[in-house]
Structure formats: C-alpha cells, structure tokens
C-alpha cells in the first residue's frame, strides 16, 4: 500500500516536473517567436528604405495605402507577416507584424498561445521638409564674394536647416569706403554679407567665421595712409596670426516676424549696394538687427586685439560691429589686399580654437543666442542626429522600377541627342592629352528630354484634379542613365501642355540621373541685349518659372533633381562643343594641351549668347536638388549649388588675367584690329609692344600658318563705338561684360551672373557599393573646373612680385623672359629652352579658363506649394507589442 | 523460515516477489523519469539562457561584425562543476560545414550556431505584395537573416538532445 502511494506520488511529481519542463520550453519558444516577429519589421523597412520610403504604386500609379510581406520557416514551423498601412496625410507608416508557430501550415492554424503581434510606426520625412540639409560631416561654407551686390543667404521661412557638419561664414565685404586704421566700419547694410533664417537651424558641428590671413608685412604705404597700422599689428606678423573674420558679418534670424525682417534686410542690402546714403528713413531698424549679428569673438577682454590663445569662456561676446576693428589690410606694393577684421587674432601655430567657434565657447555662444532670441531655434552640438542612409544603387534600381511603370526611362544616348565635349572636365582634357591628341575625344551624348506631352507611363491628367486622391499622387520619375538636357521651351513655364494650375501644383516630377542633368533656361521674356544706358539691368533667364514680365504664365512645376553630379545650368543660346570643333580648337604638343581657340575667344559659340547678353540672372523656381554631400565640388560652399556652363561671368580682379587675356588674344597672323587706344585704364596701355627673339610679332603662342583664330571683326566680342570704329575690348574681355560692370556702380562693379534659387537643397551621402556594370555613386565622374587644370606647365606666367608687371617696363630690356607672356611662349615653342625661374619671380599657375561660370548664389525658401514631394528618410517610432 | 513455512503457497510467493519486482521496477522507472525531467528542466534553463544571450547579441551587434552571408559562427560553452555554462571557444565556418551543427552533440557542451543568409536568400524566401515594387536591397546586401540555434545533451541515465532555435532579421 505504501509502495503504491509512493509510486503515485512519484508519478505526480514526475508529471509536474514534465509540465515544468514543457512550460519552460514554451516560454523560451515564445520568446524566440517574439524575437523573430519583431525583427521581421526589418524586412518591410528594408524594402521601403530601398524605395526611399515612398509607398509603392498601385495599378493606377497612385500611392498604395496597404501592402505586405510574408515569410515562413518550415523547419521551425514558423510563419510571420508584416502588413503596412500608409497614412498619406500624416506621412506615417503603420506597421503590424504578426506570427506564430503553426499547427497546420495549409490551414494556417496556429498553436494556441503561440501567436504574437507587434505594432510600430515609421514617420517619413519628406524631401520638402528642409530648406537645406547636409548629411555629410564636411563644413558648409556660406560665402559671399566681395564682388557681390547682395548677401549670400539661407532664408528658410518655416523649413528646416540641418547641417551635420559645421557652418563656416565667410563674408567678403566691399564697402563704400575703406575705414581708417583700426577704425570700425560702422553700421551699414553692406556689412551684412550673410543672412541665415529658419524656424529650426541645426548645425551639429558648430558655427564659426573663417579666419582671414595675415599674409605679409603690411605695405608701407598702408602704414602711411593709416597711421599706426603697422605698429598695431607688428607684434603678430612674424607668428602669422589670423584675423578672425574675413570682414562682413553674418546675421541669424528665427521664425515669426524674424522671417519678414530677414527678407526685408536681404532686399535692402541689394538696394543699398554701394549707396553711401543707405539705410534710408523707413528702412529697417539697425538696432533691431544688430543683436542678431553673430559674434566675432565669443569671449571678451579689456584690450584689442583679443587673442584666442588667452580666451576665457565667461559668457561675454563681441557682436557689436561698431566696435569691431577692421581695416584694409594691404600686403603688397601694388596695394593688393583686403578689408579684414582683426578684432580677435588667432595664432594658427597653436591649438587654440577660433575666436568665434561656438563649440569652443559654449557660455559665450549661449548668452548671445539667448540675447538674439534664438533659444529653441538655433542648435549646435545638441542637434539630434537625422539618420539618413546613403543613396545607393538599390535606391536607384527602385526608382528606375517606378520610372518604368509610371514615369520614363532615358537610356544613355537616346535620341534626340547632341554631342558636347566636356572641356570643363579636367579628366576629359587629361585623357585627350594622354592620347597625345591622336584619338577621338570622349565627348558626351546629351539626350534632350522634353517634359511635354505623354512622357509619363500610365498617366491620367484628370487624376491631378481629383481631390479624393490628392494625398496619394505619386512622384513621377524620369530616370536618366546618361547626360540629359531638360529645356524650358516655353517662356511661361515647363510643360505648357498642362496649363491647369491645380494640376500643375500637384504634379511632382523627379529627375533621377546617373549622370549630369543640364537645365536649359528660357530668355524669351527678356530678349533684348543690354547696351549703353541699359547695361545695369541683367537679363533674366528663367527655369521652371514664368519669364514674361506680365503675370499670367503657368505656375511652376514641383521638381526634384537627384544626381551624384552637379546640376548644370545652360543658357538658351548655349551651343555645345562638338568633337569637330574641339579638335579644331585644341591640340596637343609635347605632351601639353594648347588652345588655338580658347574658350574666351570662341566666337562661334558665344557670339549670339554670352557676347551679346553678358552677365545674366538665372532664376530657378520651385526646385529641390538632392546631391552628393561627400563630393567636394557639389556643396561645401552654399554658393556653389550649380555649375553654370558657358560664358556667364565677367572678368574678375585676378591679377594674372590681364596678361593672360593678352596672351590668348595676340596671335600670329591676327588681323589688324585697332588696339584700344586713348583709354584711361591703367592696364592695357601699359602693355609694351613686344617682339620675341625670333622676330615674331605679336607674340604668338602657336604658329598658325596665318589662320585667324581670334574673333572675326564682325563679332560682338569687340567694342563698337557709335562712329563705327572697332576696338579691342578692355583687358581683351568681351566688351559687354565691361559695359555691365561699369554700369552697375560708380566704384566696384558686378562681375558675375547670379543664380536666384527658390527651392530646397539636400546634400546627402551617396554609397560607393556598386556592381560591375554600375558606376560608383559616391564620387563624381567628372573633375569639374572653371580652369583647365591639366598639366599645363607651359601655360604658366611669371611676374616679379615686388614690381607689378603692368606698371613696369619689360626687364631686362630686350629679353623675352622679362615679359610673362613672351617667356612662356618661348618655352612652349621650343621645349629645349628650359628655364629656371629666378628667385625673385613668383610662379603662378594660371591655367586657361575653359568655362566662365562664376556666379552669386542666392537661396530663398519656396512658397507653400513645395510640400509633399516624395519621401526621403524614415524615423522609427517606438514599437508596441499586442498579445493574443 | 521460508515463505512456505509462513503459510504462503508457492504461487502466492511468486506473485508477491513479482509484485515487489514490478513495484521496484516502476519505482525505478518513475525515479528515472523524474530524474530526466528534472534534468530536462535544468538543462532547458541552462540552454535557453545561453540562446537568449546569443540572440540579444545578434540583435545588438554591429552589422559589420555579424558573420557574412554563407558563414556560420560556432560557439561552444562548457558546463563547470556547478553546471554553469562557461564560454569555451568560437570559430567561423561555412554554413554547410559539418561543424555548423551537422556533427553530433557532446555531453556537457552547449553548441550555438549563427547561420547568416544573404539578402538575396531572404528575398527568395519571402513574398512581398506588390512584388513588382517591394524588394530587398540586394546590391548592398544590407539585410540578412541569421538563424540562431542552440543545442545540448542532457546528462542522466537517458540523455537527450535539447534544441532551441529561431531566425532574426538584421539590417
């Protein structure tokens, strides 16, 4: 009996233990199930990330609202699924993952208690959420050149500015009058060279002014003009201190009424350019603006200059420009120099941070930010990271799949196309030189893409008037595998065949390119050439906007351009460089490239374009560019958003080009063009008449057998006086540019075209992973350059630094080496005439311009229409588990 | 004095002995079962702890440190005197190698296997709808499936192999 009881007890204990074991196993299996199912979100998210978080199209090319993925493992008796619902109005994905161990795989019945559900949301950041985004860690330089008439700026309105790296301010200033030594410039609108405004400005790497260099001993003449200058700076010259700011100031504004202030200030600065009477009554209140000026030093001190090496972060700062120490810092005998700020000096031989670096002086920065009313607006190191995956080939493939179904795929070389040799690409020129000019140049075939007509697959225009699907309208993708050009052929706007404003405001066109995208503007609304009395008004070239003076054109389209390459802007009159023309214009001799028809003198391409219209204003509306943050040519400067291809800019103040242009112009066998005589300009008349040792006159770079390569006498290149006389233009630069320059001001004229960009710019990382037939998206195919930076050693010029070449007779007399042009010509003509630069000669690499695209870039926020353009990033929200 | 002398017939005696033997056998069997069950519970705790620890590691480890697709990370843990799992060794082999779980288990050793499958393999094993536009990133291979499996032999009079396993998606 006892035995039986013990036996039964043991059995019960055993059974209980068995249950314990099973319970433990079930517990563990459920845990494992949860881990699998919760991780299955990754599968759906990976597929969505591949699509840049855009919902997939349905059969009508509308955004799908629900879709799913299912998976299973028979050996584990495991099934799972993720169902996605996209809320188009909130831009949120609702994801539900569920799964279990099945008892019947066919009936899909699950073991009781062995099914789990998880819920998760992913918030999608639209590409329209940012005025400017830079996901790279490189600094973004916000720069204004001193030749600019307006400020460089980022006026974001309600958009966000997000920079993962730092923001470096560099505002070169050309004031009405230089201040005296150690005398502040004082309050003047011209002083604000940079405007940054946004409701949320995130600069994770911090903010600073770029230092200027104290390059040399000040010119004794400067010391005479500005008494005390030399003695003031003398203690720091030997140690090469840097002035803290270039000179002009940057101002930061927040949201609300700050936006209006920023816009008004922007306009006033343009209007006040070189107007000593500005600001006029009724203009902005300078006292109100002054508190927004970014400090030149984020610490204080009792004496000037302040020194970063002995700074204490006490919360003091110096942002009152009336107290800044600026003067014209001249560093050579010919008065070359710049207006520089020496309120605070930085010894760059030491490790001390820049005086204005926000991250080095948090107390000073914080105090200024509070006093400027920018708390909650401007963030530096406390910026939350925006996780943005690099754009990769998976993304490109997904975009191409969309283009096949609902857009347009343009293959490389598709007709209609034209040939254009990329002389702006150093790689192209090097390749040509390496082949010694023997092989055909590798020119581009640029396909002309029209946005008109039925370009998009499965496109029903009426859909764009249907309010019920407004949130589900899909981005329409033009996917280009090679270089393309999209022209605005109608003065009123792109795609004139779709005039309905509602439809136009809802259609979003994505241009996704593996190569260069050229945008050809339209100038039909402003077709007359500038001339005497009218030089000061730059002609308008428009893109994606109405070019007519009167209103009534089409609303701008919503356009996104994604490319790892720079976007090129070309004039309506731009003529491509054909391979035949290239071969006629350039040759190779002795391993060097030489121009027979340099770009500046290429009458066949510019006579009806740049030679006539000169500098222009290129106005782009309602656009988003998504470009490569890791490609230095693309961003790094807020002023370098685009590459203006062709003949756009006037001569700059670079000292070398005086010689340079003459060398280009004077050729063996040139026609008898009257030189520009009687002018009062100091440069040209000072050029001596030269002959070289071989008796050639004028000095020629290349014997041409009498062929004339200079612009024909009928060219608009020359200055034509009312009496019909013809003159070589000043500095040998196409005349219209000079006319424009002197017409725009009484002192310092504008020398650049300008790009007025209303839109958004997103600089993201592109991934280097690629297949055998795919290019590396992370680095550019081209070495884009304004200058031919091929090894052009024979094109260098030499001049004596202590005796400005254009004021000094040739020396030694009779020697061709005394003249830079002649010297180089000799070297080129006869490679055996090896030279050794004398120690008192500066060697300056002065390569040929192959493009004239210098421009001022002005970036403003678009209107409210530029929203919901297509997803770009996903932000995970917390996951929730619901049990069954 | 034998059983007959006590008044039991031979048959009665044989039944009694048989019953006793049966009870003894049952007793031993139940004891054995109980012992195995206890060991099963015991080892399920040991194994599951190690498996869970590995899963947590798979989910949190830097993507670049996970075994590349087609490879298998093999870990061995020994049981110390107190029957705690102590990490012993780790190696990476091909996923189809014998060492990746095709060899027999060893007593007092816990084996853990991480088998990584490529994005293309995952793509082939799941079903998206719509499949035309929802695909996995196969160029960058940026999502993988990792099967984590653990096994061990229990000790005791009737050792049995216990396994736990599941799959984890990582990107």
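Protein chains in written order, with the working numbering: chain B, 9 to 892; chain E, 24 to 194. We put the CB at the ideal spot given by N, CA and C, even for glycine.
Burial is judged here by how many other beta carbons sit within 10 angstroms of a residue's own beta carbon; residue 389 (chain B) has fewer than 16 and is exposed. For the C-beta of residue 415 (chain B), not a single chain E residue is nearer than 8 Å; the gap to the nearest is close to 13 Å.
Scanning the stretch 730 to 783 of chain B for uninterrupted alpha helix (DSSP H) segments of 4 residues or longer gives 743 to 751, listed from N- to C-terminal end. Between residue 659 (chain B) and residue 741 (chain B), the gap from beta carbon to beta carbon is short of 8 Å. Counting only Cβ-Cβ distances below 7 Å, residue 41 (chain E) has no contacts in chain B at all, with the closest Cβ about 13 Å away.
Fully contained in the stretch 364 to 422 of chain B are the following alpha helix (DSSP H) runs of length 4 or more, in chain order: 370 to 379 and 401 to 414. When DSSP assignments are scanned along the stretch 86 to 164 of chain B, the uninterrupted stretches of beta strand (DSSP E) that are 3 or more residues long and fall wholly within it turn out to be 86 to 95, 100 to 112, 117 to 134, 138 to 142, 148 to 152 and 160 to 163. Using a 10 angstroms sphere on the CB of residue 107 (chain E), the tally of other CB atoms stays under 16, which defines it as exposed. In terms of CA proximity to residue 494 (chain B), B:579 leads the group B:73, B:579 and B:64. Annotated as proximal: residue 328 (chain B) and residue 298 (chain B), with beta-carbon spacing under 8 Å. In the three-state reduction of the DSSP assignment, residue 868 (chain B) falls in the strand class.
In terms of Cβ geometry, residue 627 (chain B) and residue 525 (chain B) do not form a close pair [threshold 8 Å].
Only 775, 777, 778, 779 and 782 from the stretch 764 to 794 of chain B bring a Cβ to less than 9 Å from some Cβ of chain E. Between residue 472 (chain B) and the set B:490, B:445, B:509 and B:616, the nearest pair of CA atoms involves B:509. Judged by beta-carbon spacing, residue 172 (chain B) lies beyond the 8 Å limit of residue 206 (chain B), meaning their Cβ atoms are not closer than that value. Against chain B, the CB of residue 121 (chain E) has no partner CB under 8 Å away; the residue lies outside that interface. Residue environment for residue 153 (chain E): exposed (fewer than 16 other C-beta atoms within 10 angstroms of its C-beta).
Residue-level contact by beta carbon holds for residue 54 (chain B) and chain E, with a gap shorter than 8 Å. Look at the beta carbons and you see the stretch 94 to 112 of chain E not touching the stretch 61 to 72 of chain B: under three pairs across the two are nearer than 8 Å. Put simply, the backbone Cα of residue 744 (chain B) is about 18 Å away from that of residue 731 (chain B). For a Cβ distance threshold of 7 Å, residue set 153, 156 and 157 of chain E lies close to residue 64 (chain B), ordered along the chain. Taking one beta carbon from each stretch, the stretch 365 to 372 of chain B and the stretch 111 to 125 of chain B have fewer than 3 pairs nearer than 8 Å; the two do not touch. The Cβ-Cβ distance between residue 126 (chain B) and residue 151 (chain B) does not fall below 8 Å. Secondary structure note for residue 611 (chain B): its alpha helix (DSSP H) is the uninterrupted segment 611 to 614. In this structure, the straight-line span from the alpha carbon of residue 42 (chain E) to that of residue 132 (chain E) is close to 41 Å. Two segments are said to touch when three or more pairs of C-beta atoms, one from each, lie closer than 8 Å; by this definition the stretch 68 to 83 of chain B does not touch the stretch 485 to 505 of chain B. The beta strand (DSSP E) runs lying completely inside the stretch 82 to 159 of chain E and spanning 3 residues or more are 94 to 102, 108 to 117, 132 to 140 and 149 to 152, given in chain order. Here residue 866 (chain B) is buried, its C-beta having at least 16 other C-beta atoms within 10 Å. Taking the Cα positions, residue 507 (chain B) is about 6 Å away from residue 562 (chain B). By the rule that beta-carbons nearer than 8 Å mark a contact, residue 132 (chain E) does not touch chain B.
Going by DSSP, residue 652 (chain B) is part of the beta strand (DSSP E) stretching over 650 to 653. Residue 35 (chain E) counts as exposed, since fewer than 16 other C-beta atoms from the protein chains shown sit within 10 angstroms of its C-beta. When secondary structure is reduced to three states using DSSP, residue 636 (chain B) falls in the strand class.
Less than 8 Å divides the Cβ of residue 303 (chain B) from the Cβ of residue 364 (chain B).
Apart from sequence neighbours up to five positions away, the residues of its chain that approach residue 501 (chain B) with a beta-carbon distance below 6 Å are 554, 561 and 562, ordered along the chain. Taking the CA atoms as reference points, residue 541 (chain B) sits about 10 Å from residue 748 (chain B).
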